[in-house]
Amino acid sequence: MSDTPELPGMPQRLYLASPSRLYAFQSCPRAYRFGYLDRPRPQARPQRAHTSVGLSVHNVLRDFWDLPADKRTPQGVREALRAAWIPVGFRDDGQSARWRQKVTEEVIDYLRGIDRDAEPRGIERTVSLRTDVLGLTGRVDRIDERGEELVIVDYKTSRRPLHPDSARTSLALAFYAAAASRLLRRPCFEVELHHIPSGEVIRHRHTAESLDRKLAEADSIARDARRADQRYADLGPDAPDFAPTPSALCRWCDYRAHCPEGQREGPEQSDWAALEPDERS
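With numbering that gives the first Met the number 0, letter number 104 in the sequence shown gets 103, and the count goes up by one each step, no holes.
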């Protein structure tokens with residue numbers, strides 16, 4: 000997308016993106032180019048086990064609210080997770096079965112701690128928002144209605160504990176709150192991260208001003224991404240905007256096979272390393 004309007008006097012097109020796209024550009028321009036610009040797209044590595052766990056849990060927590068009230072039981076959850084389980088990325092069937100059992104009990108424990116009769120206002124709800132720069136679209140795990148306000152709930156399945164500032168600093172959560180408020184015409188300032196393995200909830204209450212600051216942050220990233228996208232359109236992979244950001248995370252990158260700098264950060268982690276720390280490479 001060009002920084003120059005297509006016709007004199009015409010407004011600039013909005014930069015269309017998701018929070019994931021903005022984060023990808025901010026975290027590693029090289030991986031962003033591989034994932035969003037290169038065509039054909041470089042082949043990504045196969046899905047890892049922790050991604051399969053995350054998808055399985057999100058699917059069950061989505062489908063839970065479609066169950067009849069008499070099926071919202073531990074046995075109902077066990078059956079739902081058995082049907083939803085994605086056995087991809089594990090070392091073998093035994094490891095997959097062991098993690099399915101472990102994750103099932105974590106989900107049951109989590110659901111015991113919430114009001115299962117309070118139907119959310121939205122589940123896996125797609126929301127969008129426009130600024131002067133950006134057309135931002137994303138999907139919210141859950142939107143609760145509590146009193147006169149809406150609350151954004153985002154599920155986390157990482158084995159690592161959440162950082163206390165994770166909810167406050169999250170660009171995605173702030174966007175979800177602002178977008179849900181505009182879409183559903185209700186105040187929405189409270190955002191929550193629900194860590195399924197531990198049951199921990201990290202909360203932050205935004206103000207109108209702090210939401211505006213986060214949207215301004217999104218606009219700033221989008222401006223940089225738009226300029227980089229345009230230079231890629233002009234110069235292709237030789238554009239100078241896509242240098243890698245080498246770090247320990249390169250050992251987990253889906254595109255490390257195409258990135259010599261990333262490979263120099265050390266051997267690739269195994270498919271199940273995020274679940275079995277003692278077996279990391």
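Think of the CB as a built atom: it goes at the ideal place given N, C-alpha and C, for glycine as much as any other residue.
How many Å lie between ARG29 and ARG204 at the Cα? One-based indexing of the sequence shown puts residue 29 at position 30. One-based indexing of the sequence shown puts residue 204 at position 205. One C-alpha to the other measures close to 34 Å.
Among residues of its own chain, excluding the 5 on either side of VAL306, which ones have a beta-carbon nearer than 6 Å to its beta-carbon? The displayed coordinates of the chain run from 0 to 280. Any statement about residue 306 would go beyond what the structure contains.
If you draw a straight line from the C-alpha of LEU248 to the C-alpha of ARG159, how long is it? For the purposes of this step, residue 248 is identified with residue 249 of the sequence shown, where counting begins at 1. For the purposes of this step, residue 159 is identified with residue 160 of the sequence shown, where counting begins at 1. Distance between the alpha carbons of LEU248 and ARG159: 15 Å.
Of the residues VAL139, SER127, ASP108 and PRO163, the one placed nearest ASP153, counting alpha carbons only: Numbered from its first residue, the sequence shown carries residue 153 at position 154. Of the listed residues, the one whose Cα sits closest to ASP153 is VAL139.
What are the start and end residues of the beta strand (DSSP E) that includes PHE24? Start at 1 with the first residue of the sequence shown, and residue 24 comes out as number 25. Here PHE24 belongs to no beta strand (DSSP E); instead the alpha helix (DSSP H) covers 18–26.
Exposure of ALA16, with buried meaning 16 or more beta-carbon neighbours within 10 Å: Counting from 1 along the sequence shown, the entry for residue 16 is found at position 17. ALA16 is classed as buried because its beta carbon has at least 16 other beta carbons within 10 Å across all chains shown.
Within 10 angstroms of the Cβ of ASP143, are there 16 or more other Cβ atoms? Answer buried if so, exposed if not. Here residue 143 refers to the residue found at position 144 of the sequence shown. By the neighbour-count rule (16 or more Cβ atoms within 10 Å), ASP143 is buried.
In the structure shown, what three-state DSSP assignment does HIS194 receive? By one-based count along the sequence shown, residue 194 stands at place 195. Look at HIS194 here: in three-state DSSP terms it is strand.
Any heavy atom of the ligand NAP inside 7 Å of the beta-carbon of ARG230? Absence of the ligand NAP is noted for the structure shown, with no ligands found whatsoever.
Inter-residue Cα distance where the pair is GLY53 and ARG184: As a working mapping, residue 53 is identified with position 54 in the sequence shown. As a working mapping, residue 184 is identified with position 185 in the sequence shown. Looking at the two C-alpha atoms, the distance is approximately 31 Å.
Through-space distance from HIS257 to PRO196, alpha-carbon basis: Looking up residue 196 in the sequence shown gives position 197. Looking up residue 257 in the sequence shown gives position 258. The alpha-carbon separation between PRO196 and HIS257 amounts to approximately 33 Å.
Taking 8 Å as the cut-off, does the stretch 258–267 touch the stretch 77–95 (at least 3 CB pairs, one atom from each stretch)? no
What's the gap between the Cα of PRO4 and the Cα of LEU13? Taking the first residue of the sequence shown as 1, we reach residue 4 at position 5. Taking the first residue of the sequence shown as 1, we reach residue 13 at position 14. In this prediction, PRO4 has a pLDDT of 48, which is less than 50 and means its spatial position is unreliable; what the coordinates show is noted afterwards. In a straight line, the C-alpha of PRO4 is about 11 Å away from that of LEU13.
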